[in-house]
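2 protein chains.
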Amino acid sequence: MGARVTIADVAARAGVSISTVSLVLNNKPTRISEETRERVRQAAQDIGYSPNKVAQGLRRRLTHTLGLISDSIATTPYAGQMLAGAQDVARENGYMLFFVDTGADAEIEEQALSQMQAQQVDALIFAAMWHREVTPPTNLPNKAVYLDCFSQTSPRPSVVPDEIAGGRAAVQYLVNAGHRRIAYVDVDENPPPIASKLRHRGYLAIHEENHLPVDPALHVKGASTHDGGRQATEKLLALPKEERPTAIFCFNDRMAAGVYTALRSHGFEIPSDLSVVGYDDQQLVAAELYPPLTTVALPHYEMGKWATEVALGIRPHSGTDPPHLMPCPLITRESVAPPPVGAPTHPGGEA
Amino acid sequence: MGARVTIADVAARAGVSISTVSLVLNNKPTRISEETRERVRQAAQDIGYSPNKVAQGLRRRLTHTLGLISDSIATTPYAGQMLAGAQDVARENGYMLFFVDTGADAEIEEQALSQMQAQQVDALIFAAMWHREVTPPTNLPNKAVYLDCFSQTSPRPSVVPDEIAGGRAAVQYLVNAGHRRIAYVDVDENPPPIASKLRHRGYLAIHEENHLPVDPALHVKGASTHDGGRQATEKLLALPKEERPTAIFCFNDRMAAGVYTALRSHGFEIPSDLSVVGYDDQQLVAAELYPPLTTVALPHYEMGKWATEVALGIRPHSGTDPPHLMPCPLITRESVAPPPVGAPTHPGGEA
DNA sequence: GTGAAAGCGCTAACAT
DNA sequence: ATGTTAGCGCTTTCAC
């Protein structure tokens, strides 16, 4: 189908040889008269010629094709933005993107990788749908780049979200609003996701920098779901009144939604009674909560771009650089306010 | 990168000609001794040979490559399932998938199509992220198939959700639970999305079949968002008590979430006071609502499979068939119960 | 300035 | 039962 018309047809119509056509159409700096150039271009246009990329790829040994392998996009609603970022830079640079979602099945991963190699892709991106360390297929080529993941044992260029800075931004924002007792509604997984640890690191750093005591009772955990957030919040609300937080920083927006539910069911108003901040800026949840949730956005689009740029060699990268940390912007909406007047700060704290 | 080793290397190592290698590796029914076959296979394995798909594609004029163009996956959280369906059948049949998301930009669509043709894809899928009539690019090849969309002017094989049946299933379920006054919280767009009209058609059909009067006051509209659902519900609650619905069927889950919010703020319990049913079975919303939302699922995965199967010629299809209607299963969760005892049925109705 | 010819890696007639 | 050869559509030296 498609390009039935070949370079030979163009040559015939323009009354020149196929090499001339090739030279002209590829703008080679050979001295071919402007006159013939024009004739060739016209002929190509007339018969609707467009070069067969497969033949070009075979000859040039460059297919202008890029592979993106991910563990799971189907089950991850916001993953699309990584793809969109990758796509945009691919398109702008004349590349087409092979996409495969492996469902994290090692066998499928390996098979997909072979297929892509067989298809002679010029570049490869190996993506995870949430920030984690991966154990890549053994046949992962050297030129691959990691997107939203990394590997210590099999290092490649890599981008991940700057989770520490994200945690810092969220908590600093709360501190700036006047909060002194800030809870962290964390995810309860073993081992904990990298993001959980790093966001908590940001939380701790801000406490330290602001000389705020850290109360272990304010670090609660639950499943990474609406219900997990709800249950974790119950623990917080079970604390004696003066030990309760005035603000809650959540591992993610889903849990934040659960925090909302728990708070509501106890008659607390958000943000006048308690402030809450999420993480992920997840579509269809963060902005649709009541009130709209202040949260930290995961830079999926930007990471997708970055990975593709280095994969394509547009962005310089020395293979041994540590993972690139992409900033996570704070998205301020309406779930944060100053603590209620007269709210407890912390036992013996400096108000 | 990749397959540096060619068929010639295998031939040399096995001490045969390259044609023999080709014959063997492609399992051609030519009589080559089992002995040499084995030798060739061994040689190939030894040096890690895998055929160059680009060269194969050029020669066979079949690339085992499939293009999927969509208007927008990045902004549509549940779209991934269509991709997943497409992917699965592609992989099972040895095809690789080129994916491009055009953001519904006509110029990009056209360009993407040309690129795919230039890449000599064997099949093409043109997908929309919500059920609608599209005006496809002028260069859409005849062999393309529509996924979750269709075109009257430029028909091709097409799959769309069976929205009428979905609307019927939802409303019948409500009727079976004992409801007689059922509202439809519709989307307020002009022109209305096809899905909106068809789901309403299902709603009406069930009313007719059950000899239930249709009260126009119960057909309210709002923006296709959480807030739109909330506002539409306010209209319902502003009705005189005995004219209010005992159940609400929503255009989609997002609006259903808004219905929950409005109901709650007026002190109604779901489902004991009012039942609600959504549409879409949207990830991270339907199942995470309190109580979990009974809804009608959009068969994204199945549609993705169907489209790919006909695109690949695995599933027979006569080009002129009307759009294939894919069933939308009812997902029953906990948002439906019988109406409260003594609830109004309808003025003059048969209870 | 332009054309002839070799060859990218593979398949498929056609020989033998 | 296996090898030779002619391309698939294109790019790129090298001649003229």
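From first to last, the protein sequence lines stand for chains A and B.
27 is the number that the UniProt record's numbering gives to position 27 of the first sequence; each next residue is one higher, with no gaps.
49 is the number that the UniProt record's numbering gives to position 49 of the second sequence; each next residue is one higher, with no gaps.
Don't be surprised by glycine CBs; every beta carbon is placed ideally from N, CA and C.
- In the DSSP assignment, threonine 138 of chain A falls outside any beta strand (DSSP E) and carries neither an H nor an E.
- Rounded to the nearest angstrom, the gap between the Cα atoms of valine 16 of chain B and serine 33 of chain B is 12 angstroms.
- Put simply, of B:Ala232, B:Thr20, B:Phe249 the residue whose alpha carbon is nearest the alpha carbon of threonine 36 of chain B is B:Thr20.
- Nearest CB-CB separation between histidine 226 of chain A and chain B: below the 7 angstroms threshold.
- The DSSP-derived three-state label of lysine 28 of chain A is coil.
- At a cut-off of 7 angstroms between C-beta atoms, glycine 80 of chain B counts as an interface residue with respect to chain A.
- For glutamate 334 of chain A, there is no enclosing beta strand (DSSP E), as DSSP gives it neither H nor E.
- Taken in chain order, the whole beta strand (DSSP E) runs of length 3 or more contained in the stretch 249–281 of chain B are 275–280.
- Taking 3 residues as the shortest admissible run, the stretch 134–200 of chain A contains the following complete beta strand (DSSP E) segments, listed from N- to C-terminal end: 145–150, 158–161, 182–187.
- With a beta-carbon spacing of about 4 angstroms, alanine 232 of chain A and valine 220 of chain A fall inside the 8 angstroms limit used to define contacts.
- The three-state reading of DSSP puts histidine 207 of chain A in helix, counting H, G and I together.
- Valine 5 of chain B sits in coil when the DSSP states are folded into three classes, being neither helix nor strand.
- Residue contact with chain A for glycine 304 of chain B: absent (no Cβ-Cβ distance below 7 angstroms to any residue of chain A).
- For serine 114 of chain B, the enclosing alpha helix (DSSP H) stretches over residues 106–118.
- Interface residue (Cβ-Cβ distance to chain B less than 7 angstroms): phenylalanine 98 of chain A is classified as such.
- Nearest in C-alpha terms to methionine 96 of chain A, of all of A:Pro192, A:Ile108, A:Ala337, A:Gln119, is A:Gln119.
- For the C-beta of leucine 274 of chain A, not a single chain B residue is nearer than 7 angstroms; the gap to the nearest is close to 18 angstroms.
- The beta carbon of glutamate 288 of chain B falls within 7 angstroms of a beta carbon belonging to chain A, placing the residue at that interface.
- Contacts with chain A at 7 angstroms (Cβ-Cβ) do not include isoleucine 18 of chain B.
- Not a single C-beta of chain B is nearer than 7 angstroms to the C-beta of isoleucine 69 of chain A.
- The beta carbons of valine 160 of chain A and glutamate 309 of chain A sit no closer together than 7 angstroms.
- Residues of the stretch 151–179 of chain B that bring their beta carbon within less than 8 angstroms of a beta carbon in chain A are absent altogether.
- The three-state secondary structure of leucine 68 of chain B, taken from DSSP, is strand.
- Contact check for valine 187 of chain B and serine 196 of chain B: beta-carbon distance about 5 angstroms, within the 8 angstroms limit, so the pair qualifies.
- Spatial neighbours of proline 157 of chain A in its own chain (CB-CB distance under 6 angstroms, excluding positions within 5 residues in sequence) are listed in chain order as Val145, Val310, His317.
- Counting only the Cα atoms, leucine 312 of chain B lies some 43 angstroms from aspartate 321 of chain A.
- Between the alpha carbons of isoleucine 69 of chain B and phenylalanine 249 of chain B lies a gap of roughly 33 angstroms.
- Under the three-state reduction of DSSP, glycine 103 of chain B is assigned to coil, being neither helix nor strand.
- Per DSSP, the continuous beta strand (DSSP E) segment holding alanine 297 of chain B begins and ends at 294–297.
- Only those residues of the UniProt domain "HTH lacI-type" (5–60) of chain B whose C-beta falls short of 7 angstroms from the nearest C-beta of chain A are listed: Ser50, Pro51, Asn52, Lys53, Val54, Ala55, Gly57, Leu58.
- Lysine 143 of chain B and tyrosine 203 of chain B have their C-alpha atoms some 36 angstroms from each other.
- Leucine 236 of chain B places its beta carbon 7 angstroms or farther from that of proline 77 of chain A.
- Within its own chain, the residues whose Cβ lies closer than 8 angstroms to the Cβ of proline 291 of chain A, once the five positions on either side in sequence are excluded, are Ile270, Pro271, Arg333, Glu334, Ser335, listed in chain order.
- In this structure, alanine 43 of chain A sits near alanine 14 of chain A, with a CB-CB distance shorter than 7 angstroms.
- Using beta-carbon distances, isoleucine 73 of chain B counts as an interface residue toward chain A, with a partner under 7 angstroms.
- Here glycine 304 of chain A carries a helix assignment [DSSP, helix/strand/coil].
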